[in-house]
Amino acid sequence: MTTFAKLSKPSDFDAALERVSAITSRASNVAGQSVLSDQALIEVKSGVRQLRLITRVSDGKPLGFIAYGGHEFDLIIDPDFRKQGIGSFALDEFLNELDSNKADQTSALHTWVHGEDSAAEKLLSARGFKADRSLLKLVLREIKPVPSADSPRGQDTQIQLRNFQESDVDAWVKLNAEVFAAHPEQSAITATDVADRMRESWFDAHNFILATNSSGEILGYCWLKVQPGASEGEVYVLGVSPRASGSGLGSKLFNAGLARLSEIGVKSAFLYVEAENLTALRIYQKSGFEIDSRSAQWSRIRS
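Numbering (our numbering), first residue to last: 15 to 317.
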């Protein structure tokens, strides 16, 4: 057990958020992908997730953090301080705190291992966690001109693509929950979550494409995420109403999204997809996307 680190609640929340941001950025650069989801970060900022800082006893230097809320937590160690037993110490402290809290009746606990990280997998496995879900990161090295899609088959011929508006929030949240009913994180997004994202520096309504029919009903969407000044963009979420399934609307929106990225000078793209979603995986690979890395959700079930 390490004696030079401690796990504690932050006394200065704003300063703690700066530490979290800096550590997350460095860890993401090493992993080659984000190690903390947008939703997790929003929940930390709003206080929905509890924050525990891992600091050096001698001088209070931040070494990492744990963000915990509901049934999920993220443990992130600063890359400069890995392989020193800090992650093992922090996880044990956190699990002991959780297990000793009789008011917390959480029966299952989940966390993510991003990319290939045998040390993290070994750490979790030794504490009763098992991998039970897999997420793939796909990349498109070069965005090339895409053909314009025909009108979706069997659908209203007056389907229009337009930009997202603030008045669309409630309708979009309802549709998104329907589209991703089997997806635990995406289906749980609320109007408040959307509002939080709209305040982020990367949000641009022109990068949030909606497909509506002649009655104004939203049938699908392609939401893009492009950080300011970035040459790489993310197909953040793509969804089609079950009522338009099999019509080709997904391809139409997908192509519109890639065309938008090309229009604003983005050279490459990436997206995330569940490994078991073979239909979506085939569509993306047919469009030139390649598997870049794999992340896994690990879970521990209380007896």
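Every residue, glycine too, gets a C-beta built ideally from N, C-alpha and C. Here the structure is a predicted model, which is why all the values come from computation and not from measurement.
7 Å CB neighbourhood of L152 in its chain, flanking five on each side removed: Excluding residues within five positions, the ones whose Cβ falls inside 7 Å are F284, L285, V287, Y298, F303, E304, I305, D306.
Contact set for D52: own chain, Cβ-Cβ below 7 Å, skip 5 residues either direction: So the qualifying residues of the chain are R211.
Segment contact, 8 Å Cβ cut-off, at least three pairs: the region 254-265 with the region 223-237: Here the region 254-265 lies against the region 223-237, with 3 or more beta-carbon pairs under 8 Å apart.
A45 beta carbon less than 8 Å from that of G129: Yes.
For V127, the first and last residue of its enclosing beta strand (DSSP E): Counting along the chain, the unbroken beta strand (DSSP E) around V127 starts and ends at 122-127.
Same chain, Cβ closer than 7 Å to I56, five either side skipped, listed in chain order: Result list for I56: D207, D210, in chain order.
Chain-order list of residues whose beta-carbon lies under 7 Å from that of K75 (same chain, five-residue window excluded): Here the set comprises T69.
Segment contact flag, the region 182-190 with the region 103-112, C-beta cutoff 8 Å, min 3 pairs: Segments in contact, no.
Reference Q241, options W216, H220, G264, closest by Cα: Here the closest residue by C-alpha is W216.
DSSP state of V34 mapped onto helix, strand, coil: In the structure shown, V34 sits in a helix (DSSP, three-state: H, G or I).
Residue range of the unbroken beta strand (DSSP E) whose run includes T69: In this chain, the beta strand (DSSP E) harbouring T69 covers 64-70.
Alpha carbon of S229 to alpha carbon of P198, nearest angstrom: One C-alpha to the other measures close to 30 Å.
Cβ separation of C236 and A191, assumed to be a contact under 8 Å, to the nearest whole Å: Going by Cβ atoms, the distance from C236 to A191 rounds to 17 Å, so no, they are not a contact pair.
Coarse secondary structure for K97, derived from DSSP in three states: K97: coil per DSSP, three-state reduction.
Residues near G83 in its chain [Cβ-Cβ closer than 7 Å; skip 5 each side]: Counting only residues of its own chain and dropping the five nearest sequence neighbours on each side, G83 has a CB closer than 7 Å to the CB of E57, V62, R63, Q64.
Distance between L150 and G142 (C-alpha atoms, nearest Å): Linking G142 to L150 through their CA atoms gives a straight-line distance of about 24 Å.
Closest Cα partner of D92 within the set L267, E86, A104: It is A104 whose Cα lies nearest to the Cα of D92.
Burial state of N221 (16 or more Cβ within 10 Å): Its Cβ being crowded by 16 or more others within 10 Å, N221 is buried.
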